[in-house]
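See below for the structure under consideration.
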Amino acid sequence: MESTSQATAGHEVFETVIGFMGIAWSEAGLTRLCLPQRNRDAVERRLLRHAGSAGSSAQPQWVTELIGSIQAYAAGEDIDFSGVPVDLTGVDDFRLAIYDAARKLAFGETTTYGELAKRAGHAGLARETGAALGANPVPLVIPCHRILAAGGKIGGFSAPGGSTTKEKMLAME
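FYI, the numbering for the sequence shown is 22 to 194, going by this note's numbering.
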């Protein structure tokens, strides 16, 4: 008998004005978000490598809405992703705290790794906070691009395009 979580899990690659993006989801929520790349195949490979799920023909309503919201964000609209359900199964408590604090940042609001660590109840762990954000499976929804290095420096960014992508995303906001 097929489990219900398999029936509602899937992934989708879609085009935005800034490139192809992709998402993967489970019954509980978003499990992966791939930031813009030049072609559909690169996003598909990345999703399959990380999510390991086949495409789904039946998208839950929230997935359809999320794709529209991501496309609107890419086109320059002010979008609030704080209500998107996220499935962070297997993520440790430290990362969960960091991700929760990051999700509380408003559109266009930035902070530093050190300040975010403090907000998450882990003062003094700026480097570990950066590592946690580098492992963020759902960038944009957990807005790791809004976290800067000390002194207002851009800091690292593990998505395709690195810190240049981070700068572009901040400029869009």
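All residues carry an ideal CB built from backbone N, CA and C; glycine is no exception.
| Query | Result |
| --- | --- |
| Applying the criterion that 16 or more other CB atoms from any shown protein chain within 10 Å of the CB defines a buried residue, is LYS174 buried or exposed? | exposed |
| So, for ARG15: in the same chain, excluding its five sequence neighbours on each side, which residues have a beta-carbon less than 7 Å away from its beta-carbon? | With the chain represented from 22 up to 194, any question about residue 15 goes unanswered, as that position is not in the structure. |
| The alpha helix (DSSP H) spanning ARG116 covers which residue range? | 114 to 124 |
| Excluding the five sequence neighbours on either side, which residues of its own chain have a C-beta within less than 6 Å of the C-beta of LEU190, listed in chain order? | Note on residue identity: the sequence assigns Met, not Leu, to residue 190. Only HIS166 meet the Cβ criterion. |
| Helix or strand or just coil, what does DSSP make of GLN58? | strand |
| What first and last residue would you give for the alpha helix (DSSP H) that runs through VAL34? | Not the alpha helix (DSSP H): VAL34 falls in the beta strand (DSSP E), residues 31 to 37. |
| Whole angstroms are fine: how far does the CA of GLU194 sit from the CA of GLY135? | 22 Å |
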